[in-house]
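Listed in order, the protein sequences are those of chains R and Z.
So my numbering is basically just the index in the first sequence, starting at one, shifted up by 1360.
So my numbering is basically just the index in the second sequence, starting at one, shifted up by 16.
Just so you know, even glycine gets a beta-carbon here, dropped at the ideal spot from N, CA and C.
Read through the structure below, which is laid out as structure tokens, and then see the notes.
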Amino acid sequence: MDAKNNIKNNRESASKDRQKAKDVRLSNISASKAVADAVRTSLGPRGLDKMVQEEAGDVLISNDGATILSKMRVEHPAAKMLVDLSKAQDIEAGDGTTTVVVIAGSLLSACLTLLGKGIHPSLISDAFQYAVEKAEEILDKAAQPVDVNDRTAVIQAAATALSSKVVSQHATLLAPIAVDAVTRIANLEEPDAIDLRNIRVIKKLGGTLDDTELFEGLVLNQHVNKSAGGVTKVAGAKVALIQFCLSAPKTDIENNIIVQDYSAMDRVLREERQYILNLCKKIKNTGCNVLLIQKSILRDATSDLSLHYLAKMKIMVVQDVEREEIEFIAKSLHCVPIAGIDSFVPEKLAKVDLVEEVSVGSEKMVKMSGIQGKHKTVSIIARGSNKLMLDEAERSLHDAFCVVRSLFRRRFLIAGGGAAETEVAVGLNKIAKTLEGAAAFCVRAFADALEVIPYTLAENAGLPSIEIVTELRNRHVQGDKNAGINVKKGNISNMVEENVVMPLLVTVSALRLATECVRMILKIDDIVMTR
Amino acid sequence: MSSLAIYGERQSGEDVRTQNITACIAIANILRSSLGPVGLDKMLVDDMGDVIVTNDGATILKQLEVEHPAAKVLVELAQQQDEEVGDGTTSVVLLAAELLKRADDLVRRGIHPTNIIAGYRLAMRESCRFLRDTFAVSVEKLGKSCLLNTARTAISSKIIGSEIDFFANLAVEAVLAVKRKTEVGKYKYPIKAINILKKSGKGARDSQLLKGIGLNVTRASQGMPLRVSPAKIACLDFDLRRSKMKMGVQVLVEDPKELERIQEKEYEVTKSRIEAILKAGANAIFTTKGIDDAALKYFVEKNAIAVRRVAKDDMKRLAKATGASVQLTMADLGGEESFDPSFLGSAEEVVEETISDDKFIFVRGCKNLASGTIVLRGPNEYMCDEMSRSLHDCLCAVQRALESNYVVPGGGCVEASLSIFLENFATTLGGREQLAIAEFSDALLVIPKTLAANAALDATDMIAKLRAVHNAAQLDSNKGNLSHMGLDLENGHLRDNLEAGILEPAMSKIKSIQLATEAAITILRIDDLIKLKKKQEDESGEY
């Protein structure tokens, strides 16, 4: 009797499992699709923005896919994979973070249809892998090589990346800045080693984006300490970056200095003066005339007394340098941070032609120009009329840097405006016809899914999407590889002639990452909640 | 649409846009009735019970604590206009809200927001070009009366409008008094150098412009002279009280006599400092910190004025004007304490004067820079506060007119003319932007409309007349003089506002059109609003 029951139970649970696997897959797919739908409207040059109000009440307006998704706090575990996907694209290519999510969403809905036809998930997954490999080949063929020394070509790619952002009207100004910035820090021999951390964007409220500039040298966000009437402009500067404090040493909390005699009071005061004076004199003796002091939480970085002495010695003081900034500053100035007064030697100083404090709007900053040696870093001073705009400008500039970096890594450009995706779709459709079995089905579905990009582009621009996409497909079948949607004029035209181009790396990485993510979601057949 | 599970609320598409726009219009409606010379005031009471009476747009919005994120954009807009221009804060908000309202209508008629944005942007650029190239009149051409008129226009809408000539004069004189040349040879009018002191009592008319720097402080002791001349000024940023030992230094005595000596020593240190300062020749000593009562006698003996607790900003201004350098300590490079005469600044006189019941210190004839002080009088504190805000707007307007050198006639004249210009411009375009530009042109009319409505005039009638006149002016070159026609709100008809002296700085108008359009576009571009919920404390480990 027991045995019979067991068998029955087993059979029941097995059928339940099958049911469950299907449900889990469906729920995963629909949750992920919802994420893709959420960012869909911000794709392309005419895409719209999202406003996110964080719990503290801060407002963020952006149309950068990765930024929006990371702020959205998605709950569903599968949906979270899409959020990570856009993050991955952000790290890998920096741009196309919306594109990658939209493609993944479209591929997932293709999966739904395929699953409905009874095709096994593993089959779909393998077919997609095959399709993406073929897609890369097609893209390689469609891409055109670019000479990274050709500044205008690189600028065009950066401008395309910027065209979809809030700051699009300033693309003509920001694109050259981004290109120059990356070119300056790049080592053409080792394109993989481009470290975007060597570009620093300083945000200053006020003015308009038109006032944004690339600065040759170093810009510090801090202001000069003038409470003792110190200098604000030093020509032929010798800059020291110090990590110790110029204030009276403190005893430990448990210890006290005990004064029992009135003459000792005089000594306490005098000793303090003498101690600080000695520090300042040692600094002066090395020829240093600009002092950057790291922020300290344990002690005051400077005291009234030391500021007073330094001002008298005509040494400019910039305080509150953050710990994280030290590396960047040391790299830009070719100097060594100095940890104690005993190691304060002239060899550790940086030579700079001019250090001066300038005021921008209601704020101040310190500019250092004419740094000796090769520039390893650049600073960009971004201006904007409000904080939302400024933050978005910074994000957009980051995207532009990434685009330029991608171009340095892989020196190919491909037509934008949906041209690349359509070309792949048309090519894959041809390949699908040579295949047999379920794979043919899947590859064709993959190809059709890619058309979501031109479709969405047209839709976001307020154009009749079906007419546009069918015409686009037609043009590609006839061999016009670079035909894409001209969003401004509302028709199909040659994207390369219109200068709408993007790095091959961005498109390839978007396709590859999206496919991988979809394959992963497909293979999940159970969710186990653990505590 | 499938549901997307996020920790919070999400709205998207048409709903969000309409909701955002409604919030913005609500903000604008609050300000609507305070626009223009006959606009009314708002009384704001905060949770502490403090009262502010004002009709300055930026001030009202700052106090409102708006919560809606889109409405916040408008509040920021007013703040920005206040910072960059200083005047026209109400009109910029009205314009932005009107642009949004019309955009919403267009979207409902099936025009994609991106087309509207493109149209607005184009319209904005064209209007600024039109204003700059053809409409603005240079200050030189109009002569000095134009400054006075600009000041009058800025004041006219404010609480001090009843004393319009008086305050316009005051403002223009004050701004001209602080004129200075920069390194590049341009003239600057830093209105920061104008100090505004508020004192209730007497009427607004008893406000006065005084030369020199006025400080809201008194002599430290009655025994000090009321006036020193010529003054040698020492600016100190340290305490002249009994010098206490630093933290971590403990005084331990066993003998009571020792205690006395230590106290004596503490006085001694301060005394020697004061003596060093006086020896350097200072006869007016200002410090941001305190002075011990016991130490005052040293100053009295030497017939010097000592002033304690001077505000830091005042101190900076004082040091700049008199050429003094603010000293943080008296230590010298020998490791001892001394005071060098070169730290002193000089002025013709430092004097304590009584205005109403209160005493003020005035520093006149400063060596380096001219500066002015306006003492405002009024029946009560709120009035004085509002007067100081109004005067600030007015000073800004005069400064802008002087620095940007161009003015435009006010009273709805600019807006009417731009509206006609844009309407004609729109018809030359074939694209979808045409509709947006036409709406932009209509939206501009919100300013004359509101002006007329606030003045209890028939807005529809007045606008029709105004538009007819401007249309004629732009079509027929013989009637070019008609282009300066604007509303006369007192008499309810049209007049040449350039002649009538209703002037505004051109830069203020251009900026407000730019800023309003930018803000409207920012809001229009939003099609999704995600509000995140607060994370519960106990859940924080799980996510």
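Contact check for Cys410(Z) against Ala220(Z) fails: the beta carbons are separated by 7 angstroms or more. Assigned with DSSP and collapsed to three states, Ile1826(R) falls in helix. Taken atom to atom, the span from the alpha-carbon of Leu111(Z) to that of Val1461(R) is near 38 angstroms. Counting only runs of at least 3 residues, the stretch 385-448 of chain Z fully encloses the following beta strand (DSSP E) elements, listed from N- to C-terminal order: 388-394, 422-425.
Here Leu51(Z) carries a coil assignment [DSSP, helix/strand/coil].
Taking 7 angstroms as the cut-off, the Cβ atoms of Ala1535(R) and Leu1574(R) do not count as close. Against chain R, the CB of Ala112(Z) has no partner CB under 7 angstroms away; the residue lies outside that interface. Relative to Ala310(Z), the option among Tyr283(Z), Met331(Z), Val326(Z) whose CA is nearest is Tyr283(Z). In this structure Glu1752(R) is buried. Its beta-carbon is surrounded by 16 or more other beta-carbon atoms within 10 angstroms. Contacts with chain Z at 7 angstroms (Cβ-Cβ) do not include Asp1450(R). Counting only runs of 3 or more residues that sit fully inside the stretch 34-90 of chain Z, the beta strand (DSSP E) segments are 58-61, 67-70, in chain order. Within the same chain, Cβ atoms closer than 6 angstroms to the Cβ of Ala292(Z) are found at Ser354, Phe355, the five residues on either side in sequence being excluded.
About 6 angstroms separates the beta carbons of Leu1601(R) and Cys1695(R), which is inside the 8 angstroms limit, making them a contact pair. Straight across, the Cα-Cα distance linking Thr303(Z) with Gly361(Z) is about 14 angstroms. C-alpha of Thr466(Z) to C-alpha of Asn1851(R): approximately 43 angstroms in a straight line. Around Val1514(R), the same chain offers Val1508, Val1539, Val1764, Leu1767 as residues with beta carbons nearer than 7 angstroms, after the five sequence neighbours per side are excluded. Counting C-beta pairs closer than 8 angstroms gives fewer than three between the stretch 1424-1433 of chain R and the stretch 1839-1846 of chain R, which falls short of the contact rule. Within 10 angstroms of the beta-carbon of Arg124(Z) lie fewer than 16 other beta-carbons, which makes it exposed. In the structure shown, the three-state DSSP call for Met1749(R) is helix.
DSSP places Gly1730(R) inside the beta strand (DSSP E), whose first and last residues are 1723-1731. In the DSSP secondary-structure assignment, Thr345(Z) is not bridged to any residue. A check of alpha carbon separations from Asn165(Z) across Leu51(Z), Arg243(Z), Ala516(Z), Val367(Z) identifies Ala516(Z) as the nearest. If you ignore the 5 residues before and after Ala386(Z), its C-beta comes within less than 6 angstroms of the C-beta of Ala193, Val194, all in its own chain and listed in chain order. For Ala1821(R), the neighbours in chain Z by C-beta distance under 8 angstroms run, in chain order, His128, Thr130.
Across the set Val61(Z), Gly217(Z), Ile453(Z), Asp103(Z), the C-alpha of Ile453(Z) shows the shortest separation from the C-alpha of Ala134(Z). Note: Phe378(Z) is bridge-paired with Gly230(Z), Val367(Z) in the DSSP secondary-structure output. No residue range can be given for Met1673(R), since it is assigned to no alpha helix (DSSP H) and is classified by DSSP as neither H nor E.
When Cβ-Cβ separations below 7 angstroms define contact, Glu368(Z) makes no contact with chain R. A straight-line Cα-Cα distance of about 44 angstroms links Asp1621(R) and Leu1709(R). The straight-line gap separating the alpha-carbon atoms of Pro1863(R) and Thr1512(R) is approximately 14 angstroms. If you draw a 10 Å sphere on the C-beta of Val1837(R), you find fewer than 16 other C-beta atoms in it, and that means exposed. 7 angstroms or more divides the Cβ of Val379(Z) from the Cβ of Val391(Z).
CA-CA distance, Ile518(Z) to Gly426(Z), rounds to 5 angstroms. For Val342(Z), the chain R residues whose C-beta falls within less than 8 angstroms of its own C-beta are Ser1587, Ala1588, Gly1589, listed in chain order. Counting along the chain, His486(Z) sits inside no beta strand (DSSP E); it lies in the alpha helix (DSSP H) bounded by residues 475-491.
The C-beta separation of Gly239(Z) from Pro53(Z) comes to about 52 angstroms, leaving the pair out of contact by the 8 angstroms criterion.
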